[in-house]
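These notes concern the structure reproduced below.
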Amino acid sequence: MNDNNFFEDLYELNFEDFLKNFISILFSSKEYGNDNNDDVDKTHIYENNNYILKNNDIKKSRLPFIANNIINNKENVKLYRRIYWPLLLGIYKAENLEDLINDIQKKRHLYLQDKEEYIIKPINLNIQKLDPQIFHPLSSDDKNPWTLKQKNQELKEEIKQDILRTYSEKKIFQNEEIREILNTILFIWAKKNPDISYKQGMNEILAIFFIVNYREHLHNNNNYYEYEKELFFKEFSNLFDKEFIEADTYIIFDHFMNMGLKYLFTSMEEKKNSTNKNTCKTVLLHKCTYIFHKLLKNSDKLLYNHLISLSIEPQIFLLRWIRLFYCREFPIDDTVILWDNFFAGTQKLKYIQTDKSNNQEINIYIIIITNN
(Lines of atoms letter the chains of each structure in order from A; the text may use other names.)
(Lines give C-alpha, C1' and ligand atoms only; values in the text may rest on other atoms or scores of the structure.)
Protein backbone atom coordinates (compact mmCIF):
# COMPACT_ATOMS: atom_id res chain seq x y z
CA MET A 1 0.00 0.00 0.00
CA ASN A 2 1.37 3.39 -0.98
CA ASP A 3 0.70 5.58 2.04
CA ASN A 4 1.71 8.77 0.23
CA ASN A 5 -1.63 8.89 -1.56
CA PHE A 6 -3.74 9.24 1.56
CA PHE A 7 -1.74 10.65 4.46
CA GLU A 8 -4.91 12.39 5.61
CA ASP A 9 -6.15 9.02 6.83
CA LEU A 10 -3.05 8.16 8.86
CA TYR A 11 -2.54 8.77 12.57
CA GLU A 12 0.97 9.31 13.88
CA LEU A 13 1.43 6.62 16.51
CA ASN A 14 3.86 7.72 19.19
CA PHE A 15 5.70 5.21 21.36
CA GLU A 16 5.75 7.53 24.39
CA ASP A 17 2.01 8.01 24.07
CA PHE A 18 1.60 4.25 23.72
CA LEU A 19 3.28 3.78 27.10
CA LYS A 20 1.20 6.52 28.69
CA ASN A 21 -2.23 5.93 27.20
CA PHE A 22 -2.19 2.23 26.42
CA ILE A 23 0.29 0.27 28.52
CA SER A 24 -0.32 2.31 31.67
CA ILE A 25 -4.10 2.42 31.35
CA LEU A 26 -4.61 -1.23 30.45
CA PHE A 27 -1.86 -3.01 32.30
CA SER A 28 0.08 -0.91 34.81
CA SER A 29 -0.67 -0.71 38.53
CA LYS A 30 -0.25 3.05 38.22
CA GLU A 31 -2.49 5.06 35.89
CA TYR A 32 -1.52 7.96 33.65
CA GLY A 33 -3.17 9.98 30.96
CA ASN A 34 -6.38 10.98 32.73
CA ASP A 35 -6.87 14.72 33.18
CA ASN A 36 -3.27 15.63 33.99
CA ASN A 37 -0.19 16.24 31.87
CA ASP A 38 2.25 14.12 33.87
CA ASP A 39 5.10 12.61 31.90
CA VAL A 40 5.18 8.87 31.62
CA ASP A 41 7.03 7.39 34.56
CA LYS A 42 9.16 4.97 32.57
CA THR A 43 10.99 3.85 35.68
CA HIS A 44 7.74 2.61 37.19
CA ILE A 45 6.67 0.94 33.96
CA TYR A 46 10.01 -0.76 33.35
CA GLU A 47 10.46 -1.86 36.95
CA ASN A 48 7.03 -3.47 36.78
CA ASN A 49 7.38 -4.93 33.30
CA ASN A 50 6.76 -8.49 34.51
CA TYR A 51 3.57 -7.40 36.30
CA ILE A 52 2.44 -5.53 33.19
CA LEU A 53 3.01 -8.57 31.00
CA LYS A 54 1.18 -10.99 33.28
CA ASN A 55 -1.35 -9.12 35.47
CA ASN A 56 -4.96 -10.14 34.96
CA ASP A 57 -6.77 -6.82 35.32
CA ILE A 58 -7.99 -6.26 31.75
CA LYS A 59 -11.54 -7.54 32.11
CA LYS A 60 -11.88 -7.05 35.85
CA SER A 61 -11.32 -3.29 35.96
CA ARG A 62 -9.59 -1.86 32.90
CA LEU A 63 -12.20 -2.38 30.19
CA PRO A 64 -15.00 -0.71 32.18
CA PHE A 65 -12.56 2.15 32.88
CA ILE A 66 -11.77 2.52 29.17
CA ALA A 67 -15.45 2.29 28.26
CA ASN A 68 -16.26 5.04 30.72
CA ASN A 69 -13.49 7.24 29.28
CA ILE A 70 -14.83 6.74 25.76
CA ILE A 71 -18.37 7.61 26.77
CA ASN A 72 -17.07 10.72 28.56
CA ASN A 73 -14.97 11.69 25.52
CA LYS A 74 -11.61 11.55 27.31
CA GLU A 75 -8.56 12.43 25.21
CA ASN A 76 -6.60 9.37 26.32
CA VAL A 77 -8.82 6.99 24.32
CA LYS A 78 -8.79 8.84 20.99
CA LEU A 79 -6.26 6.37 19.62
CA TYR A 80 -5.80 2.60 19.74
CA ARG A 81 -9.23 1.65 18.42
CA ARG A 82 -7.46 -1.12 16.54
CA ILE A 83 -7.07 -2.87 19.90
CA TYR A 84 -9.73 -1.22 22.07
CA TRP A 85 -12.62 -2.10 19.75
CA PRO A 86 -11.86 -5.85 19.66
CA LEU A 87 -11.30 -5.86 23.43
CA LEU A 88 -14.59 -4.09 24.10
CA LEU A 89 -16.41 -6.50 21.78
CA GLY A 90 -14.91 -9.53 23.51
CA ILE A 91 -12.88 -10.74 20.54
CA TYR A 92 -9.65 -11.16 22.48
CA LYS A 93 -10.17 -13.21 25.63
CA ALA A 94 -6.75 -12.44 27.10
CA GLU A 95 -6.40 -11.21 30.66
CA ASN A 96 -2.91 -9.72 30.33
CA LEU A 97 -0.56 -8.20 27.74
CA GLU A 98 1.38 -11.39 27.09
CA ASP A 99 -1.79 -13.38 26.43
CA LEU A 100 -3.23 -10.54 24.36
CA ILE A 101 -0.28 -10.61 21.97
CA ASN A 102 -0.53 -14.40 21.70
CA ASP A 103 -4.28 -14.28 21.07
CA ILE A 104 -3.91 -11.64 18.37
CA GLN A 105 -1.15 -13.62 16.66
CA LYS A 106 -3.25 -16.78 16.82
CA LYS A 107 -6.28 -15.12 15.23
CA ARG A 108 -4.14 -13.49 12.56
CA HIS A 109 -2.68 -16.89 11.73
CA LEU A 110 -6.18 -18.38 11.43
CA TYR A 111 -7.07 -15.69 8.90
CA LEU A 112 -3.95 -16.45 6.89
CA GLN A 113 -4.99 -20.11 6.87
CA ASP A 114 -8.42 -19.12 5.56
CA LYS A 115 -6.79 -16.98 2.90
CA GLU A 116 -4.64 -19.91 1.87
CA GLU A 117 -7.72 -22.14 1.64
CA TYR A 118 -10.05 -19.81 -0.24
CA ILE A 119 -7.69 -17.59 -2.25
CA ILE A 120 -4.25 -19.15 -2.74
CA LYS A 121 -5.14 -22.82 -3.29
CA PRO A 122 -7.83 -22.17 -5.94
CA ILE A 123 -5.37 -19.97 -7.84
CA ASN A 124 -2.70 -22.67 -7.79
CA LEU A 125 -5.09 -25.49 -8.69
CA ASN A 126 -4.22 -26.86 -12.11
CA ILE A 127 -7.61 -27.89 -13.46
CA GLN A 128 -6.05 -29.17 -16.68
CA LYS A 129 -4.37 -32.03 -14.79
CA LEU A 130 -7.59 -33.36 -13.23
CA ASP A 131 -9.42 -36.37 -14.63
CA PRO A 132 -11.36 -34.97 -17.62
CA GLN A 133 -13.98 -37.71 -17.26
CA ILE A 134 -15.00 -36.25 -13.90
CA PHE A 135 -13.88 -32.63 -13.98
CA HIS A 136 -14.84 -30.84 -17.15
CA PRO A 137 -16.70 -27.59 -17.96
CA LEU A 138 -20.00 -29.30 -18.77
CA SER A 139 -20.24 -31.26 -15.51
CA SER A 140 -23.00 -30.09 -13.17
CA ASP A 141 -21.32 -31.59 -10.09
CA ASP A 142 -21.15 -28.96 -7.32
CA LYS A 143 -17.64 -30.15 -6.46
CA ASN A 144 -16.45 -29.72 -10.02
CA PRO A 145 -13.55 -27.21 -9.94
CA TRP A 146 -14.82 -25.66 -13.16
CA THR A 147 -18.19 -24.97 -11.56
CA LEU A 148 -16.61 -23.67 -8.36
CA LYS A 149 -14.27 -21.42 -10.30
CA GLN A 150 -17.17 -19.91 -12.21
CA LYS A 151 -19.23 -19.35 -9.04
CA ASN A 152 -16.26 -17.82 -7.24
CA GLN A 153 -15.64 -15.47 -10.13
CA GLU A 154 -19.27 -14.36 -10.13
CA LEU A 155 -19.14 -13.74 -6.37
CA LYS A 156 -15.93 -11.72 -6.65
CA GLU A 157 -17.42 -9.64 -9.44
CA GLU A 158 -20.56 -8.93 -7.39
CA ILE A 159 -18.42 -7.79 -4.46
CA LYS A 160 -16.17 -5.74 -6.73
CA GLN A 161 -19.06 -3.69 -8.09
CA ASP A 162 -20.02 -2.65 -4.55
CA ILE A 163 -16.41 -2.01 -3.51
CA LEU A 164 -16.02 0.45 -6.39
CA ARG A 165 -18.83 2.53 -4.88
CA THR A 166 -17.65 2.25 -1.26
CA TYR A 167 -16.76 5.73 0.04
CA SER A 168 -15.34 6.42 -3.41
CA GLU A 169 -14.85 10.11 -2.54
CA LYS A 170 -11.95 9.17 -0.23
CA LYS A 171 -8.53 8.60 -1.78
CA ILE A 172 -7.85 5.60 0.41
CA PHE A 173 -10.76 3.72 -1.15
CA GLN A 174 -9.72 4.71 -4.67
CA ASN A 175 -6.55 2.67 -4.30
CA GLU A 176 -6.74 -0.59 -6.26
CA GLU A 177 -4.67 -2.55 -3.75
CA ILE A 178 -6.99 -1.57 -0.92
CA ARG A 179 -10.04 -2.36 -3.02
CA GLU A 180 -8.58 -5.81 -3.60
CA ILE A 181 -8.04 -6.27 0.15
CA LEU A 182 -11.69 -5.42 0.85
CA ASN A 183 -12.78 -7.79 -1.91
CA THR A 184 -10.63 -10.58 -0.48
CA ILE A 185 -12.01 -10.16 3.04
CA LEU A 186 -15.64 -10.15 1.89
CA PHE A 187 -15.06 -13.11 -0.44
CA ILE A 188 -13.48 -15.22 2.32
CA TRP A 189 -16.26 -14.30 4.74
CA ALA A 190 -18.90 -15.21 2.16
CA LYS A 191 -17.25 -18.59 1.50
CA LYS A 192 -17.10 -19.35 5.22
CA ASN A 193 -20.74 -18.31 5.66
CA PRO A 194 -22.48 -19.84 2.61
CA ASP A 195 -25.92 -19.66 4.25
CA ILE A 196 -25.63 -15.86 4.20
CA SER A 197 -22.92 -15.27 1.56
CA TYR A 198 -22.24 -11.67 0.56
CA LYS A 199 -24.92 -8.99 0.61
CA GLN A 200 -24.79 -5.36 -0.37
CA GLY A 201 -24.12 -3.19 2.67
CA MET A 202 -21.49 -5.47 4.18
CA ASN A 203 -18.93 -3.54 2.14
CA GLU A 204 -19.74 -0.30 3.99
CA ILE A 205 -19.51 -1.89 7.43
CA LEU A 206 -16.19 -3.46 6.45
CA ALA A 207 -14.84 -0.13 5.19
CA ILE A 208 -15.29 1.47 8.62
CA PHE A 209 -13.32 -1.31 10.30
CA PHE A 210 -10.63 -1.14 7.62
CA ILE A 211 -10.02 2.59 7.89
CA VAL A 212 -9.84 2.38 11.70
CA ASN A 213 -7.19 -0.34 11.48
CA TYR A 214 -5.38 1.35 8.61
CA ARG A 215 -5.08 4.66 10.45
CA GLU A 216 -3.21 2.98 13.29
CA HIS A 217 -0.20 1.34 11.72
CA LEU A 218 3.52 2.05 11.90
CA HIS A 219 3.95 3.58 8.46
CA ASN A 220 7.46 4.99 8.84
CA ASN A 221 9.71 2.73 10.87
CA ASN A 222 12.56 5.25 10.75
CA ASN A 223 10.66 7.39 13.24
CA TYR A 224 10.83 4.59 15.78
CA TYR A 225 14.51 3.66 15.47
CA GLU A 226 15.46 5.23 18.81
CA TYR A 227 12.90 3.06 20.62
CA GLU A 228 13.71 -0.32 19.12
CA LYS A 229 15.62 -1.57 22.16
CA GLU A 230 13.16 -0.28 24.73
CA LEU A 231 10.80 -2.46 26.71
CA PHE A 232 7.38 -2.91 25.10
CA PHE A 233 8.51 -1.65 21.69
CA LYS A 234 8.21 -5.21 20.39
CA GLU A 235 4.59 -5.31 21.59
CA PHE A 236 3.99 -1.85 20.10
CA SER A 237 5.26 -2.87 16.67
CA ASN A 238 3.35 -6.16 16.82
CA LEU A 239 -0.01 -4.66 17.74
CA PHE A 240 0.14 -2.00 15.02
CA ASP A 241 1.95 -3.94 12.32
CA LYS A 242 1.07 -2.73 8.82
CA GLU A 243 1.27 -6.26 7.44
CA PHE A 244 -1.72 -7.39 9.50
CA ILE A 245 -4.19 -4.61 8.73
CA GLU A 246 -6.09 -7.00 6.48
CA ALA A 247 -6.17 -9.81 9.04
CA ASP A 248 -7.18 -7.50 11.89
CA THR A 249 -9.97 -6.05 9.76
CA TYR A 250 -11.33 -9.49 8.95
CA ILE A 251 -11.16 -10.55 12.61
CA ILE A 252 -13.32 -7.70 13.90
CA PHE A 253 -15.68 -7.75 10.90
CA ASP A 254 -16.30 -11.48 11.29
CA HIS A 255 -16.97 -11.16 15.01
CA PHE A 256 -19.23 -8.16 14.51
CA MET A 257 -21.31 -9.98 11.90
CA ASN A 258 -21.58 -12.99 14.21
CA MET A 259 -22.96 -10.84 17.02
CA GLY A 260 -26.28 -11.13 15.22
CA LEU A 261 -25.87 -8.71 12.35
CA LYS A 262 -25.42 -11.42 9.72
CA TYR A 263 -28.92 -12.74 10.34
CA LEU A 264 -30.28 -9.43 9.07
CA PHE A 265 -28.81 -10.17 5.65
CA THR A 266 -30.63 -12.79 3.62
CA SER A 267 -28.99 -14.50 0.65
CA MET A 268 -30.67 -14.67 -2.73
CA GLU A 269 -30.75 -18.45 -2.46
CA GLU A 270 -32.76 -18.25 0.75
CA LYS A 271 -35.25 -15.99 -0.95
CA LYS A 272 -35.62 -18.37 -3.88
CA ASN A 273 -36.11 -21.38 -1.63
CA SER A 274 -38.49 -19.65 0.75
CA THR A 275 -42.05 -20.96 0.68
CA ASN A 276 -43.22 -17.71 2.21
CA LYS A 277 -42.32 -14.55 0.29
CA ASN A 278 -42.15 -12.59 3.51
CA THR A 279 -39.98 -15.04 5.43
CA CYS A 280 -36.74 -13.23 4.63
CA LYS A 281 -38.13 -9.99 6.06
CA THR A 282 -39.61 -11.41 9.24
CA VAL A 283 -36.58 -10.86 11.47
CA LEU A 284 -36.02 -7.29 10.35
CA LEU A 285 -39.66 -6.30 10.54
CA HIS A 286 -39.93 -7.81 14.01
CA LYS A 287 -36.94 -5.76 15.14
CA CYS A 288 -38.39 -2.59 13.61
CA THR A 289 -41.71 -3.16 15.35
CA TYR A 290 -40.04 -3.90 18.68
CA ILE A 291 -37.79 -0.84 18.50
CA PHE A 292 -40.55 1.50 17.43
CA HIS A 293 -43.59 0.36 19.37
CA LYS A 294 -41.86 -0.71 22.58
CA LEU A 295 -38.41 0.79 23.08
CA LEU A 296 -38.98 4.15 21.44
CA LYS A 297 -42.42 4.46 22.99
CA ASN A 298 -40.96 3.87 26.46
CA SER A 299 -37.92 6.05 25.83
CA ASP A 300 -39.45 9.09 24.08
CA LYS A 301 -43.23 9.00 23.96
CA LEU A 302 -43.47 12.51 22.51
CA LEU A 303 -41.39 11.53 19.48
CA TYR A 304 -43.23 8.23 19.19
CA ASN A 305 -46.63 9.95 19.14
CA HIS A 306 -45.40 12.46 16.60
CA LEU A 307 -44.27 9.73 14.20
CA ILE A 308 -47.54 7.88 14.72
CA SER A 309 -49.49 11.03 13.88
CA LEU A 310 -47.56 11.27 10.61
CA SER A 311 -48.40 7.63 9.79
CA ILE A 312 -44.71 6.82 9.33
CA GLU A 313 -44.02 3.10 9.21
CA PRO A 314 -40.95 2.24 11.32
CA GLN A 315 -39.33 0.05 8.68
CA ILE A 316 -39.06 3.05 6.33
CA PHE A 317 -36.13 4.44 8.29
CA LEU A 318 -35.16 1.62 10.66
CA LEU A 319 -34.30 -1.06 8.10
CA ARG A 320 -31.19 0.73 6.86
CA TRP A 321 -30.22 1.98 10.31
CA ILE A 322 -30.28 -1.52 11.79
CA ARG A 323 -28.44 -3.23 8.94
CA LEU A 324 -25.70 -0.66 8.48
CA PHE A 325 -25.34 0.94 11.91
CA TYR A 326 -25.68 4.43 10.45
CA CYS A 327 -22.89 3.98 7.87
CA ARG A 328 -24.99 5.80 5.29
CA GLU A 329 -26.38 8.40 7.65
CA PHE A 330 -23.14 10.06 8.78
CA PRO A 331 -19.62 10.78 7.45
CA ILE A 332 -16.96 8.19 8.30
CA ASP A 333 -15.44 10.08 11.23
CA ASP A 334 -18.84 10.66 12.83
CA THR A 335 -19.70 7.00 12.34
CA VAL A 336 -16.46 6.00 14.07
CA ILE A 337 -17.30 8.18 17.08
CA LEU A 338 -20.80 6.73 17.19
CA TRP A 339 -19.38 3.20 17.12
CA ASP A 340 -16.92 4.19 19.87
CA ASN A 341 -19.86 4.89 22.14
CA PHE A 342 -21.80 1.85 21.03
CA PHE A 343 -18.92 -0.56 21.67
CA ALA A 344 -18.17 1.14 24.98
CA GLY A 345 -21.85 0.92 25.87
CA THR A 346 -22.00 -2.78 25.13
CA GLN A 347 -19.11 -3.32 27.53
CA LYS A 348 -20.40 -1.01 30.23
CA LEU A 349 -23.99 -2.20 30.08
CA LYS A 350 -23.12 -5.85 29.42
CA TYR A 351 -25.16 -5.99 26.22
CA ILE A 352 -22.66 -8.11 24.32
CA GLN A 353 -24.29 -11.35 23.21
CA THR A 354 -22.76 -14.03 21.03
CA ASP A 355 -25.65 -16.47 21.22
CA LYS A 356 -28.00 -16.12 18.26
CA SER A 357 -31.06 -16.32 20.49
CA ASN A 358 -29.92 -13.46 22.73
CA ASN A 359 -28.46 -10.91 20.33
CA GLN A 360 -31.48 -8.73 19.71
CA GLU A 361 -30.39 -5.87 21.95
CA ILE A 362 -27.15 -5.40 20.05
CA ASN A 363 -29.03 -3.92 17.12
CA ILE A 364 -31.56 -2.08 19.25
CA TYR A 365 -29.34 -0.26 21.71
CA ILE A 366 -27.71 1.99 19.11
CA ILE A 367 -31.07 3.07 17.70
CA ILE A 368 -32.48 4.20 21.04
CA ILE A 369 -29.35 5.74 22.55
CA THR A 370 -29.23 8.42 19.86
CA ASN A 371 -32.66 9.65 20.93
CA ASN A 372 -31.65 10.23 24.57
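When we follow UniProt numbering, the leftmost residue of the sequence shown carries the number 1, and every step to the right adds one.
Note that beta-carbon positions come from the ideal geometry of N, C-alpha and C, so glycine has one too.
By the Cβ-count criterion, L88 is buried, with 16 or more other Cβ atoms from all chains shown falling within 10 Å of its own Cβ. In the DSSP assignment, T166 falls outside any alpha helix (DSSP H), carrying neither H nor E. Nearest Cα to F236 within the set I181, I211 and E16: E16.
Per DSSP, H293 lies in no alpha helix (DSSP H) segment and is marked neither H nor E. The beta carbon of K115 lies closer than 6 Å to none in the same chain, with the five residues before and after it left out.
Around the CB of H217, 16 or more other CB atoms lie within 10 Å, so the residue is classed as buried. The Cβ-Cβ distance between W339 and F325 falls below 8 Å. Across the set M257, I291 and K301, the C-alpha of I291 shows the shortest separation from the C-alpha of L318.
For D248, the enclosing alpha helix (DSSP H) begins and ends at I245 to M257.
Closest by C-alpha distance to Y167, out of R328, A344 and F343, is R328. In the three-state reduction of the DSSP assignment, Q105 falls in the helix class. Listed in chain order, the non-local C-beta contacts of R323 below 6 Å within the same chain comprise G201 and L264, local neighbours out to five positions each way being set aside. Minimum Cα-Cα distance from K234 among the listed residues D9, L303, I101 and K121 corresponds to I101. For L164, the closest of E313, I181 and K151 by C-alpha to C-alpha distance is I181. A straight line joining the alpha-carbon of Y118 with that of F187 spans about 8 Å.
Between the alpha carbons of N203 and I91 lies a gap of roughly 21 Å. If you look at P64, you'll find it in the alpha helix (DSSP H) that goes L63 to I71.
For L303, the number of other beta carbons within 10 angstroms of its own is below 16, and it is reported as exposed.
Looking at K160, F173, I196 and N193, the one whose alpha-carbon comes closest to that of N183 is K160.
In this structure, F253 sits near I205, with a CB-CB distance shorter than 8 Å. CA-to-CA, the gap between K229 and H293 works out to about 59 Å. The Cβ neighbour count for D248, taken over all protein chains shown within 10 Å, is at least 16; the residue is labelled buried.
By a beta-carbon distance limit of 8 Å, F22 contacts Y80. Their separation comes to about 5 Å.
Boundaries cannot be given for P331, as no alpha helix (DSSP H) includes it and DSSP labels it neither H nor E. The beta-carbon distance between N76 and I25, rounded to whole angstroms, is 7 Å. This is short enough to meet the 8 Å contact definition. DSSP places Y214 inside the alpha helix (DSSP H), whose first and last residues are M202 to R215. Membership of N21 in any alpha helix (DSSP H) is not indicated, and neither H nor E is assigned to it by DSSP.
In the displayed model, Y227 falls within a helix according to three-state DSSP.
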